[in-house]
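Numbering (this note's numbering), first residue to last: 11 to 531.
Right, here's the structure in full:
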């Protein structure tokens, strides 16, 4: 869809894996000979994504199989289901039993015939030996064992769609995991508040239910106890278009994270104390948003205030002053460098930085501070990864995130051998498209690895289908990813994979013990 208006914000996380909204534009984009990824196409809106803010009109240019959504579906349909390790083992066992039993029976029949026994009698004995050599109960025992395993896994909140898959997870040697929504919650959360005086407050809790506190020097912050922090939270809440209703976010995740801070300070209705006048929406060029408000009688009646939030670079460029012990002081180049250094330190910790300012107009803004936002990891993810590695399972993170500090590896122009070398060496892959995820999975399988792939988005579907076992998230996962996967985690708990592996190994040993018993008798 070609955007005709000047501003619209789209959530493309199901396609690209990026939690940051994509800001669309009207102008054409030129990349020369370089192939563009979905996240590069700033003037196109894709079917299957969600509008967060703004207004636009468009012209439909691709539908059905020609759309990006359709292309992913086509790639998924082209992938044939691989045989599971159990199926391969059973095939090998059947061939070995047939070969060895026929060889032994043939030897016995020939020897007895040479000793003068009647040929028809020896044929009857040979048939009897062949029947005895084949474990007729094996298919029944395998089916019952797998079915019981499915039941036990369901109790551990892992839904298996195909019986043979139950045993596969115990044989996995590599787990390729998507980041956004799989290792992380896909819920933006404010972790730190840094006021212009350099003091840092920590924010506990995650999600949009208001559970948690704002702590400064181990003391809980309220609206009246710390005016400078309260001023930052005031800007966050007023310069904001999101809503949180019954812990459900309506709007951008970043703005939801800012509103959650006000809820944690027990001031969820702070925005209602201001009458909004004009708004200047966030744009890709400006990288800031401004709201002009008139305060209610409780807060300086009839005073017109401007609240601005955006990137630290743009906010500092617009600001003329900063708050020092509650007093507006001239903003110097030295202080700007100091604030930028603090921002870089927060960014180095994996936090997304958002700066705040307020004033009577754009020409009279006062910088008040910044916040650090993160998409928190799911509970027990670190423990699960440690246990996987200790069990000899390699863990690789494959994400569509386009981090500024990451170096892109161009998989499109590499031959199969180069891809296999890189895949075996790297542990983290950034800015990865659905096609690239498929390439990585295939390269690992070519190295005789049993590959498990976890994901929740449309961009994960092809790799989920191609992997030896695809694992989808039950709560946040898209319908496409669930359809492509072999196993679904009911509560999106990555640690459930550990329980599933434990169950799978038990199933393998049970089947192995039965086969040994049958062959011995």
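The beta carbon of each residue, even a glycine, is placed where N, CA and C say it ideally should be.
Buried or exposed by the 16-neighbour rule on C-beta atoms within 10 Å, applied to residue i
i           : result
residue 110 : exposed
residue 22  : buried
residue 446 : buried
residue 401 : exposed
residue 228 : exposed
residue 206 : buried
residue 431 : exposed
residue 2   : No statement about residue 2 is possible, as the shown extent of the chain runs from 11 to 531 and does not include it.
residue 327 : exposed
residue 260 : exposed
residue 385 : buried
residue 247 : buried
residue 38  : exposed
residue 523 : exposed
residue 398 : buried
residue 335 : exposed
residue 370 : exposed
residue 124 : exposed
residue 95  : buried
Proximal residues to residue i (C-beta, below 8 Å), its chain only, five neighbours per side dropped
i           : result
residue 19  : 31, 32, 33, 34, 61, 62, 63, 64, 262 and 292
residue 320 : 292, 296, 297, 298, 299, 364 and 365
residue 276 : 232 and 233
residue 530 : none
residue 533 : The first residue shown for the chain is 11 and the last is 531, placing residue 533 beyond what the model contains.
residue 414 : For residue 414, the predicted model reports a pLDDT of 42, less than 50, meaning its position is unreliable and no value from the coordinates is stated.
residue 166 : 506, 509, 510 and 513
residue 183 : 402, 403, 404, 459, 460 and 461
residue 450 : 186, 406, 408, 421, 429, 433, 439, 442 and 473
Own chain residues within Cβ distance below 6 Å of residue i, not counting five before or after
i           : result
residue 170 : 160, 163, 176 and 497
residue 532 : Residue coverage of the chain in this structure runs from 11 to 531, which leaves residue 532 outside it and unanswerable.
residue 57  : 77 and 79
Boundaries (first-last residue) of the beta strand (DSSP E) holding residue i
i           : result
residue 212 : 210-213
residue 200 : 199-205
residue 408 : 404-408
residue 335 : Unbroken run through residue 335: none, as it is neither H nor E.
residue 285 : 284-290
residue 62  : 60-65
residue 33  : 32-34
First and last residue of the uninterrupted alpha helix (DSSP H) at residue i
i           : result
residue 110 : 95-124
residue 296 : Note, residue 296: premise wrong, no alpha helix (DSSP H); not H, not E.
residue 320 : Not the alpha helix (DSSP H): residue 320 falls in the beta strand (DSSP E), residues 314-320.
residue 80  : 78-88
residue 436 : Element bounds for residue 436: n/a, residue is neither H nor E.
residue 449 : 444-456
Cβ-based neighbour list, residue i, same chain, cut-off 7 Å, excluding 5 preceding and 5 following
i           : result
residue 332 : 206, 339, 341, 345, 376 and 377
residue 140 : 111 and 115
residue 519 : none
residue 252 : 259, 260, 261, 262, 265, 266 and 269
residue 280 : 244, 247 and 272
7 Å Cβ cutoff, residue i in contact with chain D
i           : result
residue 482 : Among the chains in the structure shown there is no chain D, since it carries only a single protein chain.
Stretch-stretch touch, CB-based, cutoff 8 Å, three pairs: the region 126-137 with the region 147-156: no
Beta strand (DSSP E) segments (min. 3 residues) lying fully within the region 204-277: 210-213, 224-226, 253-255 and 258-260
Segment contact, 8 Å Cβ cut-off, at least three pairs: the region 512-528 with the region 187-201: Short answer: they don't touch.
Uninterrupted alpha helix (DSSP H) stretches inside the region 341-396 (no shorter than 4 residues): 343-358
Within the region 138-204, ranges of the beta strand (DSSP E) (whole runs, at least 3 residues): 168-170 and 184-187
Length-filtered (3 minimum) beta strand (DSSP E) runs lying within the region 462-506: 479-483 and 497-499
At least 3 beta-carbon pairs within less than 8 Å: the region 467-483 vs the region 335-355: Contact fails: fewer than three Cβ-Cβ distances are below 8 Å.
Stretch-stretch touch, CB-based, cutoff 8 Å, three pairs: the region 235-242 with the region 196-214: yes
Cβ pair count under 8 Å reaching 3, the region 475-489 against the region 80-93: They touch, by the three-pair rule.
Three or more C-beta pairs below 8 Å linking the region 253-269 and the region 215-230: yes
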